[in-house]
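Visitor:
Number of protein chains: 2
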Amino acid sequence: MDTKFRSSCPISSALDILGDKWTLLIIRDIMFGKKSTFKDFSSSGEKIASGILANRLAKLETLGILHKGKLPDNKKTVIYSLTQKGIELLPIIVDMILWSDNNLGDHVDEKMRELAKKIRLDKEAFVNNYTGHLESLMAAP
Amino acid sequence: MDTKFRSSCPISSALDILGDKWTLLIIRDIMFGKKSTFKDFSSSGEKIASGILANRLAKLETLGILHKGKLPDNKKTVIYSLTQKGIELLPIIVDMILWSDNNLGDHVDEKMRELAKKIRLDKEAFVNNYTGHLESLMAAP
DNA sequence: TAATTTTACTTCTAAAACAAAAGTAATAAT
DNA sequence: ATTATTACTTTTGTTTTAGAAGTAAAATTA
């Protein structure tokens with residue numbers, strides 16, 4: 103279950119963790135979709151298979167990108183939230199939104215194109231503000 | 103061979119193209135490694151298999167991210183270069199470098215950590231300058 | 001309180017993707 | 001003319017993924 107690094111290149115190492123079709127979608131769902139449970143992630147538009155979802159959640163927790171918690175009054179529902187390490191993935195995701203908006207334009211959802219437009223006004227400010235927002239949602243230590 | 107999109111989400115769509123362990127390494131090699139031929143990419147540290155390399159190069163060309171060209175005096179060697187669409191992947195790669203430097207620190211190559219430090223001084227300026235550099239290397243239309 | 005539903009998974013099997021090695025055809029160098 | 005190089009393709013075995021079905025504990029409903 104642990105991640106092996108192919109080299110000491112930071113890009114290669116990031117891809118050893120993030121380089122598949124699902125990992126960053128889970129992060130997206132937490133960041134932008136207000137999702138936090140297994141069921142939430144299962145019901146996303148791209149239809150991730152439950153086995154893959156379980157595998158990715160476990161990996162992300164092991165890596166310290168997600169935190170696995172519970173609510174005080176519920177013993178069943180598992181709440182996944184972003185750690186600082188996870189929140190710091192925001193710039194990568196933002197840049198993917200911008201790249202797709204620029205280069206796959208006509209096929210991208212209109213609401214998301216609006217977001218891209220807003221981000222472009224001041225990317226640094228958006229990332230800083232939204233990072234603050236995500237930090238305010240972090241699980242208490 | 104053509105890429106199918108799972109949804110109209112820009113993040114999901116970016117991952118439909120970039121979401122594997124190899125695609126962005128080819129882009130990295132062109133951007134930062136002065137590589138341009140099949141042999142160049144084959145000899146990268148992460149040891150990509152030739153079949154996968156051929157598959158990814160074809161996909162990236164089909165998508166208009168890479169341009170496949172030749173040198174005037176050589177009929178054999180194929181030169182791959184970035185298109186504008188490819189150059190625009192730079193911010194994503196830069197953010198991966200920064201994320202890995204911050205979060206996988208001790209395991210990342212020291213030279214690359216120096217680069218990360220430099221980028222952090224002024225990320226926007228670095229991206230703008232380096233984009234200009236990459237554009238100056240583009241294949242003539 | 002008993003029955004039903006929900007949640008977070010696990011297991012199973014078939015299909016697809018990947019890795020490693022070997023092979024090929026055209027071109028270039030010797 | 002021979003050998004080496006380049007850019008692949010092909011083959012075979014392994015790993016990963018997709019989709020469906022199943023399970024145990026907890027929560028809700030009747």
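Heads up: the protein sequence lines correspond to chains A and B, in order.
Per this note's numbering, the very first residue in the first sequence carries number 103; after that it's consecutive.
Per this note's numbering, the very first residue in the second sequence carries number 103; after that it's consecutive.
Backbone N, C-alpha and C define an ideal beta-carbon position, used for all residues, glycine too.
Is any beta-carbon of chain A found at less than 9 Å from that of residue 174(B)?
Guide: With 9 Å as the cut-off, residue 174(B) does not count as an interface residue toward chain A.
Visitor: Under 8 Å between beta-carbons, which chain B residues line up against residue 234(A)? List them in chain order, please.
Guide: Result: empty, since nearest Cβ-Cβ is about 17 Å, beyond 8 Å.
Visitor: If you count every other CB in all the chains shown that lies within 10 Å of the CB of residue 131(A), and 16 or more means buried, which is it?
Guide: So residue 131(A) ends up on the buried side.
Visitor: Should the stretch 222-241 of chain A be regarded as contacting the stretch 114-130 of chain B, the criterion being three or more beta carbon pairs within less than 8 Å?
Guide: No: fewer than three Cβ pairs fall under 8 Å.
Visitor: Looking at C-alpha atoms only, which residue of 193(B), 188(B) and 169(B) is the closest neighbour of residue 182(B)?
Guide: Of the listed residues, the one whose Cα sits closest to residue 182(B) is 169(B).
Visitor: Rounded to whole angstroms, what is the Cα-Cα separation between residue 151(B) and residue 144(B)?
Guide: Their Cα atoms are separated by approximately 7 Å.
Visitor: Is there a Cβ from chain A that is less than 9 Å from the Cβ of residue 243(B)?
Guide: No, no contact with chain A.
Visitor: Any beta-carbon of chain A closer than 9 Å to the one on residue 137(B)?
Guide: No, residue 137(B) lies away from the interface with chain A (no Cβ there is under 9 Å from its Cβ).
Visitor: Compare the C-beta of residue 216(A) with all C-beta atoms of chain B and state if any pair is closer than 9 Å.
Guide: So, not an interface residue.
Visitor: Kindly list the residues whose CB is nearer than 7 Å to the CB of residue 213(A), restricted to its own chain and excluding five residues on each side of it in sequence; keep chain order.
Guide: Cβ within range, chain order: n/a, list empty.
Visitor: Compare the C-alpha of residue 112(B) against each of 166(A), 158(A) and 147(A) and name the closest.
Guide: The shortest Cα separation from residue 112(B) among 166(A), 158(A) and 147(A) belongs to 147(A).
Visitor: With residue 234(B) as the anchor, note down where its beta strand (DSSP E) starts and where it stops.
Guide: Residue 234(B) -> not in any beta strand (DSSP E); alpha helix (DSSP H) instead, spanning 225-238.
Visitor: Beta-carbon separation of residue 221(A) and residue 161(A) under 9 Å?
Guide: Their beta carbons are not under 9 Å apart, which means residue 221(A) does not touch residue 161(A) by this criterion.
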